[in-house]
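Data first, discussion second: the structure below is written as structure tokens.
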Amino acid sequence: MTEPEATPKTGKRVLLAKPRGYCAGVDRAVQTVEEALKLYGAPIYVRKQIVHNKHVVQTLEARGAIFVEENEEVPEGATVIFSAHGVAPEVYEQAKARSLRAIDATCPLVTKVHQEAKRFAAEDYDILLIGHEGHEEVIGTAGEAPAHIQLVDGPDDVDRITVRDPNKVVWLSQTTLSVDETLETVARLKTRLPLLQSPPSDDICYATSNRQHVVKEIAPDCDVVIVVGSRNSSNSVRLVEVALDAGARAGHLVDFAHEIDDAWLADARTVGLTSGASVPDELVHEVLAHLAARGFTDVDEVVTANERLTFSLPQELKRDMKAATRG
Ligand code: SF4
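Just so we're on the same page, my numbering is the position in the sequence shown counted from 1, plus 12.
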């Protein structure tokens, strides 16, 4: 009997980051659309991209989800799902006015930031919200207390901030920022506002910080780091920046394996691979297969944390699911 041939060693390896990919909030949001399609039937309307990933959006569209920008595009009385990034209170009001059945797939960790914003606004604080201008999450959070919230879009934005009372100021943040850049922004804010208060608990979520942490671990050993994720995904874009800051020689963001340019791999011996929090792992496996076909057959998974958090589906959906099983 002949021994099976061993895979030839090429000296080319992949450092595969873990944690990577889906977080608890994304998993819940995608499941919300899937369950709503099963329960109510197509079409189901979704306000904005449910999560910022091209593949996920295309897959749900094929099953009968219709993605819209605003509630007014949803027919009166239809079902609309609000995305994981959260919405301002006025969006719920608009839905009510159009008699829409609204299901809120906002990540509970985004809801937590909304609650902090409401609480500090009720206590008449000035709130400095660190985040990216125009990002849906920031628009939703700022909408909770527009008269009290100012956006701080990175360290260079600090100098233009003015507050009513420097003794009564707190900072909050978007959940998907760079941990290091946010620390820098806060340090600069504190030089101007020494009594600035911090959020009661971290606003940058566990998934964002865990994915950045493992990328920092692998980046110094990598000739190139490939991040699977979409361009409008804040946490995915941050992963490329973090990899470069931590010493990767190059970093690229791709939605799909076929977008990888062979030139990126030409002189590489070690490729780092990770994915943003809205990316299903099948896309990472396609990249692994693509890399293996180019000699990167040796895969080491580098694990810096084990994530076990899960969130239950939105109450309004669970209630209807229960009623359907009873009926
Ligand atoms: S990245 Fe964080 S805040 Fe955003 S959906 Fe995932 S767990 Fe929630």
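Idealized CB from N, CA, C, for every residue including glycine. Quantities reported herein were computed from a predicted structural model and do not represent experimental measurements.
- Residue burial is scored here from C-beta neighbours: Thr22 has fewer than 16 other C-beta atoms within 10 angstroms and is therefore classed as exposed.
- In this structure, Ala317 has its beta carbon at no less than 7 Å from each heavy atom of the ligand SF4.
- Bridge pairing for Phe79: Val58 [DSSP].
- A direct Cα-Cα distance of roughly 34 Å separates Glu47 from Pro212.
- Within the same chain, Cβ atoms closer than 8 Å to the Cβ of His270 are found at His302, the five residues on either side in sequence being excluded.
- When the beta-carbon positions are compared, Thr71 and Val122 stay at least 8 Å from each other.
- Arg261 and Gln106 have their C-alpha atoms some 48 Å from each other.
- Note: Gln209 is bridge-paired with Val182 in the DSSP secondary-structure output.
- Exposure of Thr203 is indicated by the presence of fewer than 16 other C-beta atoms within 10 angstroms of its C-beta.
- Summarising the contact set, residues whose Cβ lies nearer than 6 Å to any heavy atom of the ligand SF4 are, in chain order, Cys35, Ala36, Gly37, Val38, Ala96, Cys119, Leu121, Val122, Thr187, Thr188, Cys217, Ala219, Thr220, Asn247 and Ala289.
- Here the alpha carbons of Ala74 and Arg223 stand approximately 29 Å from one another.
- If you look at Gly37, you'll find it in the alpha helix (DSSP H) that goes Ala36 to Tyr52.
- Looking at the DSSP output, Gly263 shares a beta bridge with Val237.
- In the DSSP assignment, Arg113 falls within the beta strand (DSSP E) that extends over Arg113 to Asp116.
- Ranked by Cα distance from Asn179, the first of Ile173, Asp169, Leu205 and Leu201 is Leu205.
- As far as DSSP is concerned, Gly143 takes part in no beta bridge.
- One thing to note: Gly284 has its Cβ within 8 Å of the Cβ of Ile238.
- Take Ala129, set aside five residues on each side of it, and the residues of its chain with a beta-carbon closer than 7 Å to its own are Ile139, Thr153, Glu156, Ala157, Ile161 and Leu184, in chain order.
- Taking C-beta atoms as the reference points, Arg110 and Asn83 count as a pair closer than 8 Å.
- As a beta-bridge residue in DSSP terms, Ile161 pairs with Ile139.
- Taking 8 Å as the cut-off, the beta carbon of Val291 is found closer than this to the beta carbon of Gly241.
- Residues of the same chain with a CB within less than 7 Å of the CB of Val198, apart from the 5 flanking positions on each side, are Trp183 in chain order.
- In the DSSP assignment, Lys30 falls outside any alpha helix (DSSP H) and lies within the beta strand (DSSP E) extending over Arg25 to Lys30.
- In the DSSP assignment, Thr194 falls outside any beta strand (DSSP E) and lies within the alpha helix (DSSP H) extending over Val191 to Arg204.
- Boundaries of the alpha helix (DSSP H) around Glu102: Pro101 to Ala109.
- Sequence-distant Cβ neighbours of Cys35 in its own chain, meaning closer than 6 Å and more than five residues away, are Ala219 and Ala289.
- In this structure, the alpha-carbon of Gly37 lies about 21 Å from that of Leu51.
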